[in-house]
Amino acid sequence: DRPTGPQKPKETEEQRKEREERRKQKKLASYKRWQERKALLEAKYKKSDYRDRAKERREQKQKQDEEEQKKYAHMSVEKTKFLGGDVEHTHLVKGLDFALLQRYKEELEREETEKLEIAYEEAQAEKKVKDKAKKAKEEAEKDKPKFTTVFGRSIYNAAIGNELRRKEEHSMSNFVPGRMTF
């Protein structure tokens with residue numbers, strides 16, 4: 001039970017109250033200085049002609065003075081786009097042009113949606129073509145005779161099948177390598 005290091009003298013009740021009072025006064029003085037700085041900044045802000053246009057735009061309360069409207073009324077669209085309304089000709093300042101950025105993102109999203117719709121329509125058209133080809137192939141398969149016996153197949157080949165083979169052989173002989181006339 002021996003103390004291992006230097007010990008602080010025990011604080012009396014009176015000393016503790018004095019210390020708390022000093023802390024309160026220090027906090028109060030700091031708070032007053034902060035209030036004074038805040039008041040100075042607000043006064044400075046009110047004196048300037050600054051309007052938080054980005055905030056107004058976000059709140060849909062963009063109020064343009066009549067003078068501004070008259071000043072820009074005679075200007076063409078080509079000139080006004082340089083005033084910050086066009087993505088290609090504006091300099092985005094971080095935190096100020098969120099509406100313009102949102103418009104740009106919506107435009108990109110719309111283009112992407114259009115590309116997807118076109119690709120979907122092309123896929124549907126391709127599927128229809130494949131379905132038609134498949135149906136035509138099935139129709140051709142239906143037109144071919146189906147044989148249940150070997151004897152029936154050999155009779156068909158003897159009567160009709162040889163003619164088909166001769167036609168195929170003749171058309172193929174026209175394209176034999178080395179043949180000069182067709």
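Residues in the sequence shown are numbered consecutively from 1, following UniProt numbering. Don't be surprised by glycine CBs; every beta carbon is placed ideally from N, CA and C.
- In the structure shown, residue 36 adopts helical secondary structure according to DSSP, grouped into three states.
- Per DSSP, the continuous alpha helix (DSSP H) segment holding residue 150 begins and ends at 150-156.
- It is roughly 57 Å from the alpha-carbon of residue 113 to the alpha-carbon of residue 160.
- A direct Cα-Cα distance of roughly 55 Å separates residue 11 from residue 52.
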